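**Q** Let me give you the structure first, and then I'll get to my questions.
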Amino acid sequence: MSMGAAATAAACFSSASSGVSRCRYCRVKAQATSWAGGAEELVRSGAVKAVRPRDAAEVMGSEGFQLLDVRPAWEHDRAAVRGSVHVPLFMADDDMGPVTLLKKWVHLGYIGLWTGQSFTKMNDRFLDDVAAAVAGKDAKLLVACGEGLRSLIAARMLHDDGYKNVAWLAGGFSKSVDGDFAELEGESKLRYATIGGVSYIFLQILLLLRVVQ
Numbered sequence: 001m002s003m004g005a006a007a008t009a010a011a012c013f014s015s016a017s018s019g020v021s022r023c024r025y026c027r028v029k030a031q032a033t034s035w036a037g038g039a040e041e042l043v044r045s046g047a048v049k050a051v052r053p054r055d056a057a058e059v060m061g062s063e064g065f066q067l068l069d070v071r072p073a074w075e076h077d078r079a080a081v082r083g084s085v086h087v088p089l090f091m092a093d094d095d096m097g098p099v100t101l102l103k104k105w106v107h108l109g110y111i112g113l114w115t116g117q118s119f120t121k122m123n124d125r126f127l128d129d130v131a132a133a134v135a136g137k138d139a140k141l142l143v144a145c146g147e148g149l150r151s152l153i154a155a156r157m158l159h160d161d162g163y164k165n166v167a168w169l170a171g172g173f174s175k176s177v178d179g180d181f182a183e184l185e186g187e188s189k190l191r192y193a194t195i196g197g198v199s200y201i202f203l204q205i206l207l208l209l210r211v212v213q
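The sequence shown begins at 1 in full-length UniProt numbering and counts up one residue at a time.
This is the structure in structure tokens:
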């Protein structure tokens with residue numbers, strides 16, 4: 001997920017005057033953690049197939065799996081696999097309430113400035129959006145994100161909703177190398193698309209110096 005430990009702690013801030021003892025983000029995070037734990041069991045049991053990035057092209061070609069990219073729009077815009085289905089699991093939180101604005105401000109200072117990630121909320125229409133984008137619940141879906149956690153959550157949600165041909169891109173696009181996916185679009189390398197903000201500037205320097213490829 002896009003928020004680190006410091007921002008998570010900040011997101012747990014709740015107004016005493018509101019009478020709310022647990023913020024919405026905490027509830028969503030707890031639910032997401034439960035989904036991820038359940039998804040790991042699905043992977044271990046084989047109900048959800050784990051696919052390494054280097055094997056993805058074969059799975060998509062010979063087995064007919066369709067790549068479902070669940071990253072938020074700003075990651076997808078930097079780099080994506082051409083022809084994949086894009087349905088974000090998390091999206092920008094546009095709430096302008098005072099508590100959310102405080103959380104956003106802290107998030108920007110601790111996490112957003114460095115990673116370029118926006119303050120997000122879960123896409124409440126995720127399952128509906130997937131249903132509108134694919135050909136029924138018999139569709140073979142290879143679910144992918146930047147580092148593997150969001151797609152793991154999405155795989156569990158899809159499985160629970162009746163999709164029985166679900167696979168998961170283990171480790172996410174960050175574990176991919178050049179050539180794993182034949183046709184790409186966007187200005188960034190696929191494995192670096194999650195990186196943004198000041199971290200992206202450091203990455204460009206490292207690429208210039210050929211410290212990384």
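We treat Cβ as the ideally placed atom computed from N, Cα and C, and that holds for glycine. All values derive from a computational prediction rather than experimental measurement.
1. From the DSSP output, in three-state form, read off residue 158 for me.
2. State the start and end residues of the unbroken alpha helix (DSSP H) segment that holds residue 59.
3. Would you identify the three-state DSSP class for residue 69, choosing helix, strand or coil?
4. Output the distance between the C-alpha atoms of residue 154 and residue 85, rounded to the nearest integer angstrom.
5. Under the DSSP definition of a beta bridge, which residues are partnered with residue 86?
6. So, under 8 Å CB-CB, residue 184 and residue 67 are touching, yes? Tell me the CB distance rounded to an integer number of Å.
7. Tell me whether residue 150 is buried or exposed, calling it buried when 16 or more other Cβ atoms sit within 10 Å of its Cβ.
8. Rounded to a whole number of angstroms, what is the C-alpha to C-alpha distance between residue 192 and residue 145?
9. Following the continuous alpha helix (DSSP H) through residue 127, name the residue where it begins and the one where it ends.
10. Between residue 39 and residue 125, is the Cβ-Cβ spacing less than 8 Å?
11. Give the straight-line distance between the Cα atoms of residue 170 and residue 162, rounded to the nearest whole angstrom.
12. Can you tell me where the beta strand (DSSP E) with residue 167 in it begins and where it stops?
13. Going by other Cβ atoms of all chains shown within 10 Å of its Cβ, with 16 needed for buried, is residue 172 buried or exposed?
14. Please return the same chain residues whose Cβ sits closer than 6 Å to the Cβ of residue 137, not counting the five positions on each side in sequence.
15. State buried or exposed for residue 109, treating a residue as buried only when at least 16 other CB atoms are found within 10 Å of its CB.
16. With residue 144 as the anchor, note down where its beta strand (DSSP E) starts and where it stops.
**A** Inspection of the coordinates gives the following:
1. helix
2. 53-62
3. strand
4. 14 Å
5. 69
6. About 12 Å; that fails the 8 Å criterion.
7. buried
8. 12 Å
9. 126-133
10. no
11. 21 Å
12. 166-169
13. buried
14. 162 and 163
15. Bear in mind that the predicted position of residue 109 carries a pLDDT of just 43, short of 50, making it too unreliable to give a figure here.
16. 141-144
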